[in-house]
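Asks:
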Amino acid sequence: MKTTRAPASRIQYFAEVLKALGSEPRLKIVRLLVQHGDLGCCVGDIRKEVGGANSTLSHHLDTLSSYGLVQARKEAQWIYYSVNFSVLRELLNFLMEDCCSRSPQLVQLVPPKDPRG
Numbered sequence: 001m002k003t004t005r006a007p008a009s010r011i012q013y014f015a016e017v018l019k020a021l022g023s024e025p026r027l028k029i030v031r032l033l034v035q036h037g038d039l040g041c042c043v044g045d046i047r048k049e050v051g052g053a054n055s056t057l058s059h060h061l062d063t064l065s066s067y068g069l070v071q072a073r074k075e076a077q078w079i080y081y082s083v084n085f086s087v088l089r090e091l092l093n094f095l096m097e098d099c100c101s102r103s104p105q106l107v108q109l110v111p112p113k114d115p116r117g
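First residue of the sequence shown: 1, per our numbering; consecutive thereafter.
1) Could you compute how far the alpha carbon of phenylalanine 14 sits from the alpha carbon of lysine 74?
2) For glutamine 77, which three-state DSSP category applies?
3) Straight-line CA distance for tyrosine 68 to asparagine 84?
4) Just the C-alpha distance for leucine 33 and histidine 60, rounded to the nearest angstrom, thanks.
5) For isoleucine 79, tell me which candidate among Gly52, Glu90, Asp45 has the shortest Cα-Cα distance.
6) For threonine 63 versus serine 23, is the C-beta spacing smaller than 9 angstroms?
7) Would you decide whether glutamate 97 is buried or exposed? Buried here means 16 or more other CB atoms lie within 10 Å of its CB.
8) On the three-state DSSP scale, how would you describe alanine 20?
9) Less than 8 angstroms between the CB atoms is what I'm expecting for leucine 57 and valine 50, so what's the real figure, rounded?
10) Rounding to the nearest angstrom, what Cα-Cα distance links glutamine 71 and serine 82 in this structure?
11) Mapping the DSSP letters down to three states, classify alanine 15 as helix, strand or coil.
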């Protein structure tokens, strides 16, 4: 899902994506799905991790799906969700390349100072 939007609409799009990730349960869901890789995770296992009512979990998954962050597939009676790594990668690239391109020191990793001197 490579975005070819104008700069202003790209910023708006990624702001909405970050807003979708700005909920603790949704961030937990994405984190869990990243850990499970391309195979994903069934809804029951997501519920165990996140907790809450089925309708609330469904709302969170719908929100993440609407921004393309997660995708669902059905196998028999089970629904498996997986993270859409291309969208997640695009978000990370936007944050690191687009936002930080004016200030290279923002992306340089600096080892912490040794407190012993």
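Where a beta carbon is used, it is the ideal one built from N, C-alpha and C, also for glycine.
Replies: To lay it out plainly:
1) The sequence position of residue 14 within the sequence shown is 14, counting from 1. The sequence position of residue 74 within the sequence shown is 74, counting from 1. Looking at the two C-alpha atoms, the distance is approximately 28 angstroms.
2) Translated into the one-based positions of the sequence shown, residue 77 becomes position 77. In the structure shown, glutamine 77 sits in coil (DSSP, three-state: anything other than H, G, I, E or B).
3) Taking the sequence shown and counting its residues from 1, the one referred to as residue 68 is at position 68. Taking the sequence shown and counting its residues from 1, the one referred to as residue 84 is at position 84. Note on residue identity: the sequence assigns glycine, not tyrosine, to residue 68. If you take the alpha carbons of glycine 68 and asparagine 84, they lie about 7 angstroms apart.
4) Walking along the sequence shown from the start, residue 33 turns up at place 33. Walking along the sequence shown from the start, residue 60 turns up at place 60. If you take the alpha carbons of leucine 33 and histidine 60, they lie about 13 angstroms apart.
5) Counted from its first residue, the sequence shown places residue 79 at position 79. Ranking the options by Cα distance to isoleucine 79, first place goes to Asp45.
6) Looking up residue 63 in the sequence shown gives position 63. Looking up residue 23 in the sequence shown gives position 23. A contact, by the Cβ cut-off of 9 angstroms.
7) As a working note, residue 97 is residue 97 in the sequence shown. Exposed, since its Cβ has fewer than 16 Cβ neighbours within 10 Å.
8) Counting from one through the sequence shown, the residue named residue 20 turns up at place 20. Helix, per DSSP.
9) On the sequence shown, residue 57 is found 57 positions in, with the first residue counted as 1. On the sequence shown, residue 50 is found 50 positions in, with the first residue counted as 1. That belief holds up - the Cβ atoms of leucine 57 and valine 50 are roughly 6 angstroms apart, short of 8 angstroms.
10) In the sequence shown, counting from the first residue as 1, residue 71 sits at position 71. In the sequence shown, counting from the first residue as 1, residue 82 sits at position 82. Near 6 angstroms, if we compare the C-alpha coordinates of serine 82 and glutamine 71.
11) Numbered from its first residue, the sequence shown carries residue 15 at position 15. Reduced to three states, the DSSP call for alanine 15 is helix.
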